Each structure stands twice: as C-alpha cells, then as structure tokens.
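Just remember that the numbering used here sits 651 ahead of the position in the sequence shown, which is counted from 1. Glycine included, C-beta positions come from ideal geometry on N, C-alpha and C. These figures come from a predicted structure and were not determined experimentally. The next block holds one structure in the form of structure tokens; read it before the comments.
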Amino acid sequence: MDVPEDVVIRRSARRRRTLQARRDGDKIVVLVPATLAARDYERLVPQLIERVRAREAGGTRRSDAALEKAARRLAKELVADLGLLSRLTRVTWSTRQNRRWGSCTTTTGEIRLSSRLQSMPDWVIDYVLFHELIHLEEANHSRRFHELVRRYPAHDRAVGFLHGVAHALGNPDEPWPSDIDEPDEPSGDLGD
Ligand SMILES: [Zn+2]
C-alpha cells in the first residue's frame, strides 16, 4: 500500500487485535498490531485513514468501499453485456495521482482514482470511475473505447466539467478529459 505523506504507521507489539487511527497535528497516526497479517493490513489501514478523513470532511466523502460499489453498479447498469464485474477486483483513492484523474491496471483489475476528485460532484467522480472501468475491456483510447464510455449518461457534462477544472488550474499538462489517464500497458493503438 502507498502510505500518504501525512500518515504515520506505528506497529505495536503490545497491541493484539484492534487497529486505531487518530489525528495528531498535521499527521494521521495509525496504530497497528505488530502481528497483523499483510492482507489485513492492506485492507484495513486505508479504511481507517479514509474514516478519519471522512469524519474531518463532514462525512460526505466516499470511502473506497463506496467507490467499488458505485463501479459495480455502473458496470451492471450500463455495460452488463461486457461482463466486467468478474474482472474488477479493487477500487481505491490514490493520493499519488497528481497528473491524471484515474488509472486502471488491466492485468489485475484494479482501479485507482485521484483523491483530487474528492471535492467534485458525484456524477463527475462516477464518470472517471466509468472511464477506468471501460479500460478493463479496452486498454487503449480506441474508437470502441470512446463508443463505450459514451454510454455514461452525463458523459458530455462531466467531460466539460473536467475541461473547466483543467483550465482553472492553468496547467497545460493537466490531462484532457477525453484522455484523463494513460493506459498502463503501452501498445500500438495510442493515436486515437
Ligand atoms: Zn483512459
């Protein structure tokens, strides 16, 4: 797991079972039993960090679990014919994506969304989620990819919103909305 810069992990030999996360100045301190299995660590620590942040944000922020639920709902409602549900394994927020809005690792079925999206409306977040979901089917921004991603009902509105954000940030390197990421696996079909 990527530990965000403002998070301190403390492993404690005395702590037997429970994990705890609390705010300590500008840090979030997570107390973890020293004996915790790696897979539980990977699953539980991000949840706890997310909970502290959500509490501080007034509880409006979506958790990783809520993101995954939304992704599965979008897959069922909009692209049931593609059978993506079995390919999707994990959806998480990422604090490390400052140059793109999301990413999809097609080989593992993992989707990550930039935490910079968290203050944006749900229908914009869902668009990025859907965009990444479609990458499980089409790794590249091919013609078929664009046809599929347009099934998202608020597609044009969300793309326009992200255009506006990129413009407001004044960052010419900010990814354009139709190209909010880069496929993880290079291939010969990037020019579309
Ligand atoms: Zn993409």
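If residue i and residue j are in contact, beta carbons under 8 Å, what's the gap, nearest whole angstrom?
i, j, result
"L780", "A721", "6 Å"
"I700", "R751", "With 8 Å as the limit, I700 and R751 do not qualify as a contact, their Cβ atoms being about 21 Å apart."
"L736", "R723", "6 Å"
"D715", "V742", "6 Å"
"V659", "A672", "So it is not a contact: roughly 10 Å between Cβ atoms."
"P684", "S663", "6 Å"
"V775", "I785", "About 16 Å separates the two Cβ atoms, so there is no contact after all."
"R802", "L729", "5 Å"
"N782", "G753", "The residue you asked about is not Asn; residue 782 is His in the sequence shown. So it is a contact: roughly 7 Å between Cβ atoms."
"L764", "L813", "That pair is no contact at about 13 Å."
"L787", "C755", "6 Å"
Since residue i is in the beta strand (DSSP E), which residue starts that stretch and which ends it?
i, result
"R763", "761 to 765"
"Y682", "The question names Tyr, yet the displayed sequence has Leu at residue 682. Start and end: 678 to 684."
"R674", "671 to 675"
"V742", "741 to 745"
Does the beta carbon of residue i fall short of 7 Å from some heavy atom of ligand 1?
i, result
"D832", "yes"
"H792", "yes"
"H786", "yes"
"H782", "yes"
Between which two residues does the alpha helix (DSSP H) carrying residue i extend?
i, result
"D715", "715 to 729"
"D807", "806 to 820"
"V658", "Unbroken run through V658 is the beta strand (DSSP E), 658 to 663; no alpha helix (DSSP H)."
"R750", "Neither: R750 is in no alpha helix (DSSP H) and is coded neither H nor E."
> Quick one: any contact between the stretch 789 to 799 and the stretch 764 to 771, if contact means 3 or more CB pairs under 8 Å?
Replying inline: These segments do not touch.
>> Give the list of continuous alpha helix (DSSP H) stretches no shorter than 4 residues that lie fully inside the stretch 764 to 788.
In response: 773 to 786
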